[in-house]
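Residue numbers (our numbering): 34 to 171.
Printed below as a string of structure tokens:
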């Protein structure tokens, strides 16, 4: 009788993930952060990328925004105060249309006057929510 091997487990580059409101720099200019979620899987991994020449960034890009919650805004503000070195966020990239990935996109873009980048399909979903229900993410 054979047993199926255990499914592979997701591994991270650090044993301990960054606490909310902090980042871990995984490579020069690549910051990993997490925001808590009030539902499983209990967190979302987000990214902050330095834009510009290596070692001399001129701005930042955020990859995925987090769920639209006041506590998440507070965690972002902590990160802005401690990680950005006074440089602006100029771009927010939303990888796909889920509320934990795009929920704070409008707030982040407004906060920084940043461009929002997303797929055409995500833009269609966003436009439909706006026109049918008055919900706006962008």
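Glycine included, each C-beta is placed from N, C-alpha and C at the ideal position. This structure is a prediction, so every number in the text was calculated from the model and none was measured.
- Take the alpha-carbon of residue 87 and the one of residue 64: they are about 14 Å apart.
- Counting along the chain, residue 134 sits inside the alpha helix (DSSP H) bounded by residues 132-135.
- Here residue 154 is exposed. Its C-beta has fewer than 16 other C-beta atoms within 10 Å.
- DSSP places residue 110 in the helix class (H, G or I) of the three-state scheme.
- A direct Cα-Cα distance of roughly 33 Å separates residue 145 from residue 44.
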